[in-house]
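Student:
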Amino acid sequence: MQGQVQIESLDDSALQGLVELATAWSRNDAHAQLACDLVSQLRRVNTAKATAVLITWAPRIISDLPLPCLEMLTELLPKEDDSLKAAATNTVTTILSKDTINDSMADGYSAFVTGLPASSWGNAPFKAHLDNALSNLANRASNENYLKAIFPPIAKVLAHATPTTLGSSLQQLFQQARNYPGHYALLHRQMVGRWPVSAPTLAPYDPSVLFEEACATSISQAATVKDDVLASVSDMFDRGVVGQDKRARLIEAACALWKVEPRLALPFVCRYPGLSVEQIDALVSTLNTNEPEQIATLNEAWQIVSRHIADDARRAVTVALLRRGAIQASGDADLALNVWLSSQDDSGRALLNDLLVDATIADEQRARLWRQAISRSEIFGKGFFVDVIPRSLGVQNSEATSAAIFDSEQTVEKLMHDGEARWDLARCLMGRFHEFGTETIKGGASAMANRLVGNVALKGLSIESLTSNDVAILSGAFGSSKELDRIGDRIHKDT
Numbered sequence: 005m006q007g008q009v010q011i012e013s014l015d016d017s018a019l020q021g022l023v024e025l026a027t028a029w030s031r032n033d034a035h036a037q038l039a040c041d042l043v044s045q046l047r048r049v050n051t052a053k054a055t056a057v058l059i060t061w062a063p064r065i066i067s068d069l070p071l072p073c074l075e076m077l078t079e080l081l082p083k084e085d086d087s088l089k090a091a092a093t094n095t096v097t098t099i100l101s102k103d104t105i106n107d108s109m110a111d112g113y114s115a116f117v118t119g120l121p122a123s124s125w126g127n128a129p130f131k132a133h134l135d136n137a138l139s140n141l142a143n144r145a146s147n148e149n150y151l152k153a154i155f156p157p158i159a160k161v162l163a164h165a166t167p168t169t170l171g172s173s174l175q176q177l178f179q180q181a182r183n184y185p186g187h188y189a190l191l192h193r194q195m196v197g198r199w200p201v202s203a204p205t206l207a208p209y210d211p212s213v214l215f216e217e218a219c220a221t222s223i224s225q226a227a228t229v230k231d232d233v234l235a236s237v238s239d240m241f242d243r244g245v246v247g248q249d250k251r252a253r254l255i256e257a258a259c260a261l262w263k264v265e266p267r268l269a270l271p272f273v274c275r276y277p278g279l280s281v282e283q284i285d286a287l288v289s290t291l292n293t294n295e296p297e298q299i300a301t302l303n304e305a306w307q308i309v310s311r312h313i314a315d316d317a318r319r320a321v322t323v324a325l326l327r328r329g330a331i332q333a334s335g336d337a338d339l340a341l342n343v344w345l346s347s348q349d350d351s352g353r354a355l356l357n358d359l360l361v362d363a364t365i366a367d368e369q370r371a372r373l374w375r376q377a378i379s380r381s382e383i384f385g386k387g388f389f390v391d392v393i394p395r396s397l398g399v400q401n402s403e404a405t406s407a408a409i410f411d412s413e414q415t416v417e418k419l420m421h422d423g424e425a426r427w428d429l430a431r432c433l434m435g436r437f438h439e440f441g442t443e444t445i446k447g448g449a450s451a452m453a454n455r456l457v458g459n460v461a462l463k464g465l466s467i468e469s470l471t472s473n474d475v476a477i478l479s480g481a482f483g484s485s486k487e488l489d490r491i492g493d494r495i496h497k498d499t
């Protein structure tokens, strides 16, 4: 309070001395805050003297005015008289005619544009500067230095520009800048959340054209523009600036980015999960199996998309991955198939249950499916295997699949830890014995049934479907027994 009383007691000459002191302090970064504090004191006793300091600051906005002083100027400027507003605006307008803008000037300009209350940009004289800046930007689409300095701050206040200037400038700037992918990406990143909805007053602005051109560039120049352009077009889509019919194009752009930067593309794949079968399958085509992060990213993407596709599409993706062949990684001989099945809510149970018994799937591919199934034995439980093993062995041309099943016999038997489960599997094996296509499969199935429950498994046979050769196979697995002799006699009698 004492300091305030003292400053109020100063005469005009002394106050003028404080004006000069504040001005002097503002020329030294170390004293800039002191200058601001002094201006605050002057405003309490003599606003004209405070304004006198601000007048000396206005010409220095983009040259050497320290940031604290610049922030104070932009805060106070809306309530100052028109002459000071005009002086400040004239100063910053000089930057618009420069083809090369250094970092210091760019920082000062950005601080001024963003520091001034946004609502002020809809009023004179600031609105005229905004329109002028947009026109200059539109004519400098090839000048990266200029665009980096001017566009980011101006983008924040676009909504206050004159509509005709805004529309024509945006259309011209973005259509021309696409020839320069590097700063085209910068421009698009700044437009996230700021694209205006099409309106007659904005003509010739056409966001649909800009959207299509942006997607095309994002697809062809994904390694350069990364996710900057995609973030922009997704904003146009999400906010209804372009129609819902653009979704497929957006997904195409996301898939293009995935090929070069899966982690950057992931948020967009998750946001727009309606990928086609071909697109879902292709996500693995550029995978670096030596990078665990990329594998985790693929798993996350597939978890999302698999929840948004129909069962027939989910099946088609699995078939496509089978046809692609096994993709090997450290500790995983069939990475893509494993990740896809693991990404299903049921760990792939329904898919495996369906495809393991599909005769249209190549035998080697069904063998791969079996290896995925048995690796999930603890998840699926014994009931799954009691059902699927006999049915899988009964599919024609199943030599590779059956060999894989018999190679897993120890795991299967360990899973069938109770008598009921062992009997159920043995009974089902014998019940389909006559359907098995080769002697090898019949012999392997018989041996498995014998190890599960012994000769009692023979009760599950459909005797009327057996041949004398079948009896020989059964004898090789079970050994001689009265039951087999009885079966043999009956077959001989029937023939």
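In my numbering, each residue carries its 1-based index in the sequence shown increased by 4.
Beta carbons: idealized from backbone N, C-alpha and C, even for Gly.
From a predicted model like this one, the values you see are computed outputs, not experimental measurements.
Kindly provide the ranges of any alpha helix (DSSP H) runs that are 4 or more residues long and lie completely inside the segment 32–102, ordered along the chain.
Tutor: Counting only runs of 4 or more, we get 36–49, 51–61, 71–80, 86–97.
Student: Suppose the cutoff is 6 Å on Cβ atoms and the five residues either side in sequence are ignored; what does the same chain contact list for F410 look like?
Tutor: G448
Student: DSSP beta-bridge partners for A333?
Tutor: Beta-bridge pairing links A333 to D336.
Student: Can you give me the C-alpha to C-alpha distance between R182 and K102, rounded to a whole angstrom?
Tutor: 22 Å
Student: State yes or no: is the C-beta of V57 within less than 7 Å of the C-beta of A26?
Tutor: Cβ distance < 7 Å, so V57 and A26 count as in contact.
Student: If you follow the alpha helix (DSSP H) that V246 is in, where does it begin and where does it stop?
Tutor: Neither: V246 is in no alpha helix (DSSP H) and is coded neither H nor E.
Student: Out of I154, L326, W125, N149, state which residue places its alpha-carbon closest to the alpha-carbon of S139.
Tutor: I154
Student: Where does D428 land, buried or exposed, given buried means 16+ other C-beta within 10 angstroms?
Tutor: Label assigned to D428: buried.
Student: Looking at S472 and I4, is the spacing between their C-beta atoms short of 7 Å?
Tutor: In the structure as shown, the chain starts at 5 and stops at 499, and residue 4 therefore has no counterpart that could be examined.
Student: Just reading off the alpha helix (DSSP H) that S381 is part of, what are its end residues?
Tutor: 381–384
Student: Residue ranges of each alpha helix (DSSP H) run of no fewer than 4 residues wholly in the segment 215–300, ordered along the chain?
Tutor: 226–229, 232–242, 251–264, 266–275, 281–286
Student: At what residues does the alpha helix (DSSP H) containing Y113 begin and finish?
Tutor: 107–119
Student: Look at the alpha carbon of E382 and the alpha carbon of R353, and state the distance between them as a whole number of angstroms.
Tutor: 12 Å
Student: Measure from the alpha carbon of G278 to the alpha carbon of each residue in G119, D338, D249, then state which is nearest.
Tutor: D249
Student: Taking 7 Å as the limit between beta carbons, can you name the residues of its chain near W344, skipping five residues before and five after?
Tutor: The residues are W306, V321, T322, L325.
Student: Express the C-alpha separation of Q45 and Q10 in angstroms, rounding to a whole number.
Tutor: The C-alpha of Q45 is placed about 11 Å away from the C-alpha of Q10.
Student: Could you check what DSSP says for W306 in three-state terms: helix, strand or coil?
Tutor: helix
Student: Please state the DSSP three-state secondary structure of A449.
Tutor: helix
Student: Excluding the 5 residues flanking A137 on each side, which residues of the same chain have their C-beta closer than 7 Å to its C-beta?
Tutor: Hits under 7 Å: L100, I154, I158.
Student: Name the residue from L488, E297, R275, T293 whose alpha carbon lies nearest to the alpha carbon of H312.
Tutor: With distances taken between CA atoms, H312 lies nearest to R275 out of L488, E297, R275, T293.
Student: Mind checking which residues open and close the alpha helix (DSSP H) that includes K131?
Tutor: For K131, the uninterrupted alpha helix (DSSP H) segment begins and ends at 130–142.
Student: Going along the chain, which residues of its own chain have a beta-carbon closer than 8 Å to the beta-carbon of T97, five neighbours each way excluded?
Tutor: If we look at T97 and ignore the five residues flanking it on each side, its Cβ neighbours are H133, N136.
Student: Buried or exposed: where does Q369 fall if 16 or more other Cβ atoms within 10 Å of its Cβ makes it buried?
Tutor: buried
Student: Short of 8 Å in beta carbon distance, which residues of its chain neighbour I445, apart from the five on each side in sequence? Order them along the chain.
Tutor: Within the same chain, L397, S402, E403, S406 come within 8 Å of I445 by CB-CB distance, once the 5 residues on both sides are set aside.
Student: Express the C-alpha separation of Q348 and W262 in angstroms, rounding to a whole number.
Tutor: Their Cα atoms are separated by approximately 21 Å.
Student: Can the beta-carbon of K501 be found less than 7 Å from the beta-carbon of L419?
Tutor: Absent from the structure is residue 501, since the part of the chain shown begins at 5 and ends at 499.
Student: Between the alpha carbons of S476 and V361, how many angstroms are there, rounded?
Tutor: Correcting the residue type first, residue 476 is Ala in the shown sequence and not Ser. Each residue's alpha carbon lies about 27 Å from the other.
Student: Please go through the same chain and pick out, in chain order, the residues whose beta-carbon is closer than 6 Å to the beta-carbon of S469, but skip the five residues on each side of it.
Tutor: Counting only Cβ-Cβ distances below 6 Å, and skipping sequence neighbours, we find H438.
Student: Determine the DSSP secondary structure at Q6, reduced to helix, strand or coil.
Tutor: Low confidence applies to Q6: its pLDDT is 44, below 50, so where it sits in the model is not reliable, and the reading given next is rough at best. It is helical.
Student: Taking C-alpha atoms, which residue in E443, F130, L162 lies nearest to D86?
Tutor: Ranking the options by Cα distance to D86, first place goes to F130.
Student: How is the alpha helix (DSSP H) around Q175 delimited, first residue to last?
Tutor: 167–181
Student: Looking at V196 and A235, is the spacing between their C-beta atoms short of 7 Å?
Tutor: yes
Student: Just checking my contact of L214 with F241 at CB under 8 Å: how many whole Å lie between their CB atoms?
Tutor: Going by Cβ atoms, the distance from L214 to F241 rounds to 12 Å, so no, they are not a contact pair.
Student: I need the straight-line Cα distance from I393 to D336, nearest angstrom please.
Tutor: 23 Å
Student: Quick one: measure Cβ to Cβ for P70 and D33, integer angstroms, because I've assumed they're closer than 8 Å.
Tutor: 5 Å
Student: For a test of the three-state rule: what should DSSP assign to R436, helix, strand or coil?
Tutor: coil
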